[in-house]
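Enquirer: Residue numbers (the working numbering): 11 to 235. We put the CB at the ideal spot given by N, CA and C, even for glycine. Handing you a structure now.
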Amino acid sequence: MGIRENLFTVHEKIRRAAKKSGRSPEAIKIVAVTKTISPQTILEAVNEGLTTFGENKVQELLVKQPLLPPGIEWHMIGHLQTNKVKNMVGKVKLIHSLDRYSLAQEINRWALKKNGKVNVLAQVNISGESSKHGLAPVELTGFLDEVGCLPGLQILGLMTMAPLTDNPEETRPVFRKLRVLAKNLGQNRPSLNLAYLSMGMSNDYEVAIEEGANIVRIGRAIFGA
11 MGIRENLFTV
21 HEKIRRAAKK
31 SGRSPEAIKI
41 VAVTKTISPQ
51 TILEAVNEGL
61 TTFGENKVQE
71 LLVKQPLLPP
81 GIEWHMIGHL
91 QTNKVKNMVG
101 KVKLIHSLDR
111 YSLAQEINRW
121 ALKKNGKVNV
131 LAQVNISGES
141 SKHGLAPVEL
151 TGFLDEVGCL
161 PGLQILGLMT
171 MAPLTDNPEE
181 TRPVFRKLRV
191 LAKNLGQNRP
201 SLNLAYLSMG
211 MSNDYEVAIE
221 EGANIVRIGR
231 AIFGA
């Protein structure tokens, strides 16, 4: 199937999952993951109505961005090295992968240099897998308090990655824990506005939406294998 047919299926699954969680499908933002996807294929997706795209690697984004329409909203969804920050600030609408204070400091430094503010999500390693980046849940409150003092950053929410599994239902506890964590943080820190939960990918986005995701990162289900 092509992008049009794949998107029809994705939208239908989002509609059903949103209904289960008592929300409108319009409340769910699709970030189309373009890792290894050519600019020509991305343009095809744009022509099918997609507006937001996520890159895992800075270098790929810098190559593709000038070749595509300026109205596209780009997100950085992969692990971000501190020495690549200067190339990201001003190029993306949202960084999903803030996972350490040194990275926050560097983003802040470049944001202030460019007289701007950078939108970020704190990445949380809910599953505790050593192969995944992210803050431990117990570290999150202190981390957000520290980052909240940096004027060049705007914390908009949390992101997590669930373990890869053939059974999407096994990811539910991970997504549920992130939702509860965000809720508790909001109650304990009223000044925090954690409006976004970025969780769920091609194999588990329906479960993620049922558990409260309002940003899903989908590649394979849109572009194919």
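Looking at ASN97 and ALA68, is the spacing between their C-beta atoms short of 8 Å?
Expert: The question names Ala, but residue 68 in the sequence shown is Val. Yes.
Enquirer: So, for THR170: in the same chain, excluding its five sequence neighbours on each side, which residues have a beta-carbon less than 6 Å away from its beta-carbon?
Expert: VAL134, ILE136, LEU188 and MET209.
Enquirer: Alpha carbon to alpha carbon, how far is ILE105 from ILE232? Give it in angstroms, no decimals.
Expert: Between ILE232 and ILE105, the C-alpha separation is close to 21 Å.
Enquirer: Within the same chain, show all residues whose beta-carbon is closer than 8 Å to that of ALA28, passing over the 5 residues directly before and after it, in chain order.
Expert: Excluding positions up to five away in sequence, the list reads SER34, PRO35, ALA37, ILE38 and ILE219.
Enquirer: Using DSSP with H/G/I as helix, E/B as strand and the rest coil, what is MET86?
Expert: Strand.
Enquirer: According to DSSP, LYS39 sits in a beta bridge with which residue or residues?
Expert: Answer by DSSP bridge pairing, in chain order: ILE225.
Enquirer: Tell me the DSSP secondary structure of LEU71 in three-state form.
Expert: Three-state result, LEU71: helix.
Enquirer: Can you tell me which residues form a DSSP beta bridge with THR62?
Expert: Beta-bridge pairing links THR62 to GLU83.
Enquirer: Pick out the complete beta strand (DSSP E) segments inside the segment 137-194, 3 residues or longer, and give them in chain order.
Expert: As far as the segment 137-194 is concerned, its whole beta strand (DSSP E) runs of at least 3 residues are 163-169.
Enquirer: Under 8 Å between the Cβ atoms of LEU168 and ALA205?
Expert: No, these two residues do not count as a Cβ contact at 8 Å.
Enquirer: Taking C-beta to C-beta, are LYS124 and GLY100 nearer than 8 Å?
Expert: Result yes, Cβ atoms of LYS124 and GLY100 sit closer than 8 Å.
Enquirer: What are the residues that DSSP puts in a beta bridge with VAL130?
Expert: Paired residue(s): ILE105 and ILE165.
Enquirer: Determine the extent of the alpha helix (DSSP H) in which LEU53 is found, giving its start and end residues.
Expert: 49-57 is the extent of the alpha helix (DSSP H) around LEU53.
Enquirer: Short of 6 Å in beta carbon distance, which residues of its chain neighbour ILE47, apart from the five on each side in sequence? Order them along the chain.
Expert: So the list reads PHE233, once near-sequence residues are dropped.
Enquirer: I'd like to check one pair, THR51 with GLU1: are the Cβ atoms closer than 8 Å?
Expert: This structure leaves residue 1 out entirely; the chain is present only between 11 and 235.
Enquirer: Taking the alpha-carbon of ARG230 as reference, which of ILE40, ARG26, GLU156 and GLN75 has the nearest alpha-carbon?
Expert: For ARG230, the nearest C-alpha among the options comes from ILE40.
Enquirer: On the CB-based measure, 16 or more other CB atoms within 10 Å of its CB, does ALA146 come out buried or exposed?
Expert: So ALA146 counts as exposed.
Enquirer: Give the single residue among ILE24, ARG25, VAL56 and LYS23 whose Cα lies nearest to the Cα of ILE13.
Expert: Nearest C-alpha to ILE13: VAL56.
Enquirer: Would HIS143 and SER112 be called neighbours here (beta carbons separated by less than 8 Å)?
Expert: Result no, Cβ atoms of HIS143 and SER112 do not sit closer than 8 Å.
Enquirer: Please state whether the Cβ-Cβ distance between VAL217 and PRO178 is less than 8 Å.
Expert: Against a cut-off of 8 Å, the Cβ pair of PRO178 and VAL217 comes out as a contact.
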